[in-house]
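Line by line, the protein sequences give chains P and R.
The numbering used here puts the first sequence at residues 1 to 609.
The numbering used here puts the second sequence at residues 1 to 609.
Glycine included, each C-beta is placed from N, C-alpha and C at the ideal position.
Taking it in order: structure first as structure tokens, then the write-up.
Number of protein chains: 2
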Amino acid sequence: MARIDDLRKIADRLRIHSLRMTTASGSGHPTTCLSAAELAACLFFGEMRWNTKDPRDPASDEFVLSKGHAAPLLWAAYAEAGVIPIGSLLELRKISSDLEGHPTPRMNWVKAATGSLGQGLSVGVGMALAQRLDKSPARTFVLLGDGECAEGQVWEAANSASYWKLHNLCAVIDVNRLGQSDPTMHQHDLAALARKFRAFGWDAVVIDGHKVEKILGALKDAGKGGKPTAILAKTLKGKGVSFIEDKNGWHGKPLKADELARALEEIGCLPDVDARKFVHKPKPFRKKKSAASFDFPRTAYKDKTATRLAYGNALLSLGQVNPSVVAVDGDVKNSTYADKFFETFPARSFQAFIAEQNMVGVGMGLATKGYIPFIATFAAFLTRAHDQIRMAGYSFSNIKLCGSHVGVSIGEDGPSQMGLEDLAMFRPIPGCVVLYPSDAVSSEACVAAVAAHQGLAYIRTSRPATPVLYAPGETFPIGGSKVLRKGEGDAVTVIAAGITVHEALKACDGLKTGGLGIRVIDAYSVEPLDKETIAREVAETGGRAVVVEDHYAGGGLGDAVAQALAGRAALKHLCIRELPRSGKPDELLERYGISASHIAQAARELAGG
Amino acid sequence: MARIDDLRKIADRLRIHSLRMTTASGSGHPTTCLSAAELAACLFFGEMRWNTKDPRDPASDEFVLSKGHAAPLLWAAYAEAGVIPIGSLLELRKISSDLEGHPTPRMNWVKAATGSLGQGLSVGVGMALAQRLDKSPARTFVLLGDGECAEGQVWEAANSASYWKLHNLCAVIDVNRLGQSDPTMHQHDLAALARKFRAFGWDAVVIDGHKVEKILGALKDAGKGGKPTAILAKTLKGKGVSFIEDKNGWHGKPLKADELARALEEIGCLPDVDARKFVHKPKPFRKKKSAASFDFPRTAYKDKTATRLAYGNALLSLGQVNPSVVAVDGDVKNSTYADKFFETFPARSFQAFIAEQNMVGVGMGLATKGYIPFIATFAAFLTRAHDQIRMAGYSFSNIKLCGSHVGVSIGEDGPSQMGLEDLAMFRPIPGCVVLYPSDAVSSEACVAAVAAHQGLAYIRTSRPATPVLYAPGETFPIGGSKVLRKGEGDAVTVIAAGITVHEALKACDGLKTGGLGIRVIDAYSVEPLDKETIAREVAETGGRAVVVEDHYAGGGLGDAVAQALAGRAALKHLCIRELPRSGKPDELLERYGISASHIAQAARELAGG
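Here you go:
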């Protein structure tokens, strides 16, 4: 077991590595690392129990570096633990190295990308929940900065941790007083931060964050009160180097070569201590394996059914065959129909209340531990978690998001409740799957498809009940599409998805009586788009295409099709081009130009041209 | 002055209106209105001082309905005050009515759209700040629900209000215990909510929210302690109607005709009271008018300068000629260069710390009072405020956002810091202007352009210093573009913006020596795009085009150009197609395919084809 003196030495080794690394790379945040050196030493080599041979050992305690700009400190700790070579540290921030400027899971000990501040605690909440579900004795530690405690998401996470009584969760806050451009709001008023955590249902303790014995004591006591615990550590940014210590203006600045020499002189030589032997092994624990499948019995839909309702039914069915599937709600489960899953599987269901950022972060945490979280709310409110979804992309996270109530077709509730920018939010994320079913059968199939897919995925569901278009058992592979109407001599191809598929079919039927044939494609896979089928069908209809979507003009299906058909089609794009208002769904489809009559008109214009 | 009994009667009138309106429309949230009926009565006809003739009278107290789904209650209050006809209430949620399902400023007494929960308090903070700036005696009141207090943004707002000592701000929280699908986290544990507000630096008082005399007392005392005040009002959802009162499962459900009849029987007839005579007139106050201009002296740039630096310089110059311009920062002002404005105009500068959602909401509040807020942070972190920006669109808000550090060209800090999805976030918002300057001159001109533009606007700035391309005084109108290279027989047009303009120019110069002429367009106005110029130039180069951007594939300039050129060009799209990593800027431009060499290669392929 490490003595106080060993941990002090390790802290200084972490300091020296952090300084050298950032000077070598010519960028980075050394002062942010220096304030947390003792905290990291005590966590990795004092309190945490972890298996240095296996980053995925479920017996190990979990660690999240929420203050991601202290990445050099994290890399240094892993090097000291023998997980990566110490020599690799000087590769920091090089294009060839996985030791990036802020942590991403390219470095395999990192479970969630951080660097957009205030997100780590939510991930930690999800990990601690997973540990409880697994009946694991392991704990979760999150290292935060004081600056990021201004992010509301930290308080959403704090709320949920105390609500779920996660005494296996410990937040260590490195209160170094200085933000990037200004001192933090509370500076060294640690009592103010403690009051906040206590008001949010946590145990909170204030310590000197450079005193190893105090840190060890606080870490040992964490959770004993049956609550999540916040350790508020008073520290100095740049601690250990006189000319940068506790000085404003040194955020994100590496030392120059001569400054580094002076700094190293002050700290002294690299202390002689082998940190590897101080890592505590985890308590024996193996996770129970259960049979899991993605194949669930499909429903025989006949009557008009909303895609959101079919989503709820499918999630319930999936839950029956796969115990890794969990659900997270933002207090709208009776609208997304995730409530069916919640009622049947209360132990695997998590009410995150109206706090979408934390909802996504908790899902990310659960996913790091092998769960498959389905996270649903109104599509409009997923914009609240855009930054978190972006970071889920950088985390290669296996979360599944569902956004309901998309487009003007929701009707009277008005624009604040209409998801009209969600496709534009999800499409850019590299590798993110975006599915948009038009009927109950395809909605159910989309749930099966995203569950079996490893990676970030989004399903877009609609509020109104829509007719059933497909036979039970029809498959909807990611990247596919369905040609729903096709005839010899079709003059125009209409590419639609979701609610507009039904409008397109109406337009097709209407035009047929007038002698104009149009082809209709259900482009349920918006990302990846079935470019080949779309291009082929459009070519067969003389290069004339209409794309119609219940989404704003930018970033949605229209853009995707325009890219796919660039130079190969005369394209009309029907979509929502102004800020919509409350009204009846059909009135709104008509007023904003995406109804059957508008599709027919666009097709006639193209065919006549 | 209203007596207790009058206010009770007014509350019942508001109840009756709310029930009738929602039953008439067949949708809406009557129970949410009923819990807050006494609160609304006491606010509008007891405590607030306001001019019912002029929604923009700066002497009036401001009101924000953060719990936007109680819109019928708000419309009813305005009707009782004589601002709108009582008969118009039954038009609720009709496509022809401005009395929408959730408030938007289409109804001219609404200053900020609400309905995405947890946003109103930030707007109120901005209003209260503006009132202080104006030296107005008026106050700001925000009515929140308890469910939305789970949103982190509420605590960001609470933080900032106490930091700024806004004793002119009063939050009234309608603690009706029930969310949409579940009871709230704290239900009727009002003490828990009070502890939170107190820990965040507020005065907090717990009252019975159906007792008019208690409400009046609390409102009267609000702010007397020199702090913002939270009035935590214990209420019952559906109060006054036995079969819905305090019952789960009644969220967002209008009463059926027979239920309405029973409900009205319980409440009794519409009480006979003329609420109009109880509205308190505001204290006399006029806002001082100052000369304001958008024309500021331009800088004579010669050396390589980052567009973000030119933004900072321009904001400072604009501030000199326009006293309505204010700045809001998220603790990165030394990176966005808003620090120049902060140093010179401290009274008009607001440090919102690392809390981007509140930062945008505060800006919206300031804008409602005639200020022109420039709100800047890293573009990546603006995704944190996507929902708020979306709601700013629905609010027709005059805020100006600046996102710095866009794309892989930031280099070593890594993907979490790279704005690669911001164009996809801003482009969909109808009417939002999106500008993306490539050099210092155009960056400065963009600041001038968005300042003079009434409405939401976004400027995208880059981290690296780039050569000066334009002469001082060159104008950059919204919707324009610049043809930078043009020659007889050009084979391809390259459409670029920001950093890629410089790569395109390098490619042009390189290809020229090989005998291949390419045209280069600086598409600095991404939204609206200069479709005419682009289409014309592309047509002149044989319909061959390359679009190149430091942004992900979906939703950005590439999509915009593909739409503009649909059917008229063979288009190659160079952009970031995978999750990037840390590295040097030039290495990253090369690796991810948007450097001069890739542009040249694409042009050669198109020209050869």
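Within a Cβ cutoff of 7 Å, which residues of the same chain sit near Q388/P, ignoring the five residues on either side of it in sequence? Hits under 7 Å: Q119, Q357, V360, G361.
For a contact meaning CB atoms closer than 9 Å, what does T104/P contact in chain R? Those are G414, P415, S416, L579, R581, S582, listed as they occur along chain R.
Relative to the alpha-carbon of E532/P, which residue among T22/P, G179/P, V561/P, S60/P has its alpha-carbon at the smallest distance? Looking at the Cα atoms, V561/P is the closest of the given residues.
Looking only at its own chain, which residues have a Cβ that is under 6 Å from the Cβ of R49/R, when we skip the five neighbours before and after it? Correct list, in chain order: D61, H280, P282.
How about R93/P and E412/R: do their beta carbons lie closer than 8 Å? For the 8 Å CB-CB criterion, R93/P and E412/R form a contact.
What are the residues that DSSP puts in a beta bridge with G217/R? DSSP lists no partner for G217/R.
Taking only beta-carbon positions, decide if A504/P is within less than 8 Å of chain R. By this cut-off, A504/P is not an interface position.
Can you find a C-beta in chain R that's less than 8 Å from the C-beta of T493/P? Not one beta carbon of chain R lies nearer than 8 Å to the beta carbon of T493/P.
Put L541/P into one of helix, strand or coil per three-state DSSP. According to the sequence as given, residue 541/P is Thr; it is not Leu. Coil, per DSSP.
Which residue wins for smallest C-alpha separation from V326/P, given the options D146/P, D134/P, A71/P? Considering only alpha carbons, the answer is D134/P.
What did DSSP end up calling Q351/R once you bin it into helix, strand or coil? DSSP, read as helix, strand or coil, puts Q351/R in strand.
Chain A residues whose Cβ lies nearer than 7 Å to that of N159/R: Looking at the structure shown, chain A is missing, and the protein chains on hand are P and R.
Is D331/P near the ligand SAM, judged by its Cβ being under 7 Å from some heavy atom? Ligands in the displayed structure: none, and consequently the ligand SAM is not present.
L99/P - DSSP class collapsed to helix/strand/coil: Assigned with DSSP and collapsed to three states, L99/P falls in coil, not helix or strand.
Any alpha helix (DSSP H) of 4 or more consecutive residues that is wholly inside the segment 112 to 167 of chain R: For the segment 112 to 167 of chain R, whole alpha helix (DSSP H) runs of length 4 or above, ordered along the chain, are 120 to 133, 152 to 163.
Output needed for T493/P: all residues of its chain with C-beta closer than 6 Å, excluding positions within five of it in sequence on either side, in chain order. The beta carbon of T493/P sits closer than 6 Å to those of R519, E537, V538, T541, A545, all from its chain and outside the five residues before and after it, given in chain order.
For the segment 154 to 179 of chain P, which residues have a CB atom closer than 8 Å to at least one CB atom of chain R, in sequence order? Answer in chain order: V154, W155, E156, N159, Y163, G179.
Return the chain-ordered ranges of every alpha helix (DSSP H) run that is complete within the segment 354 to 406 of chain P and spans a minimum of 4 residues. List check, alpha helix (DSSP H) in window: 356 to 368, 379 to 382, 386 to 394.
Please list the partners that L398/R has in chain P, where partner means a Cβ-to-Cβ separation under 7 Å. The residue you asked about is not Leu; residue 398/R is Asn in the sequence shown. By Cβ distance, chain P contributes nothing, its closest Cβ being about 15 Å from N398/R, past 7 Å.
Kindly indicate the opening and closing residues of the beta strand (DSSP E) around F63/R. F63/R -> beta strand (DSSP E) spans 62 to 65.
Opening and closing residue of the beta strand (DSSP E) in which K482/R lies: Where K482/R is concerned, the enclosing beta strand (DSSP E) stretches over 482 to 485.
Where I4/R falls, given that 16 or more other Cβ within 10 Å makes a residue buried: It counts as exposed.
With E527/P as the anchor, note down where its beta strand (DSSP E) starts and where it stops. Run containing E527/P: 525 to 527, per the beta strand (DSSP E) assignment.
Are there three or more Cβ pairs, one per stretch, closer than 8 Å when the segment 262 to 274 of chain R is compared with the segment 195 to 208 of chain R? Taking a cut-off of 8 Å for Cβ pairs, the segment 262 to 274 of chain R and the segment 195 to 208 of chain R do not touch, as fewer than three such pairs fall below it.
Chain R contacts made by the segment 323 to 341 of chain P, where a contact means CB separation under 8 Å: Listed by position, the residues of the segment 323 to 341 of chain P near chain R (Cβ gap below 8 Å) are D329, D331, V332, K333, N334, S335, D339.
Who are the near neighbours of A77/P in its chain, counting only those whose CB is closer than 7 Å to its CB and skipping five residues on each side? Closer than 7 Å at the Cβ level, and outside the excluded window around A77/P, lie L14, A40, F44.
Please state if the CB of I375/P and the CB of N398/P are separated by a distance shorter than 8 Å. N398/P places its beta carbon 8 Å or farther from that of I375/P.
I576/P to S116/R span [Cα, whole Å]: Distance from the CA of I576/P to the CA of S116/R, rounded to the nearest whole angstrom, comes to 20 Å.
Please look up how many angstroms separate the CB atoms of A71/P and G101/P, rounded, as I've assumed it's under 8 Å. Indeed they touch by this definition, with Cβ atoms about 6 Å apart.
Nearest CA to the CA of F296/P: which residue from V142/P, S242/P, Y311/P, F243/P? Of the listed residues, the one whose Cα sits closest to F296/P is Y311/P.
Identity of the residue in E47/R, L588/R, F341/R nearest E213/R by Cα: Taking the Cα of E213/R as reference, the smallest distance to any Cα among E47/R, L588/R, F341/R is reached at E47/R.
Please classify P580/R as buried or exposed, where buried requires at least 16 neighbouring CB atoms within 10 angstroms. Buried, since its Cβ has 16 or more Cβ neighbours within 10 Å.
Any idea if R286/P is buried or exposed, counting beta-carbon neighbours within 10 angstroms, 16 or more meaning buried? Exposed, because fewer than 16 other Cβ atoms sit within 10 Å of the Cβ of R286/P.
Do three or more CB pairs link the segment 245 to 256 of chain P to the segment 17 to 24 of chain P at distances below 8 Å? Output reads yes: the segment 17 to 24 of chain P touches the segment 245 to 256 of chain P.
Considering only residues of the same chain and omitting the five flanking positions on each side of W155/P, which have a CB-CB separation below 7 Å? Once the five neighbours on either side are set aside, the close Cβ partners of W155/P are F200.
Chain R contact residues for I95/P, given Cβ-Cβ distances below 8 Å: Neighbours of I95/P on chain R, chain order: R581, S582, G583, K584, E587, L588, R591.
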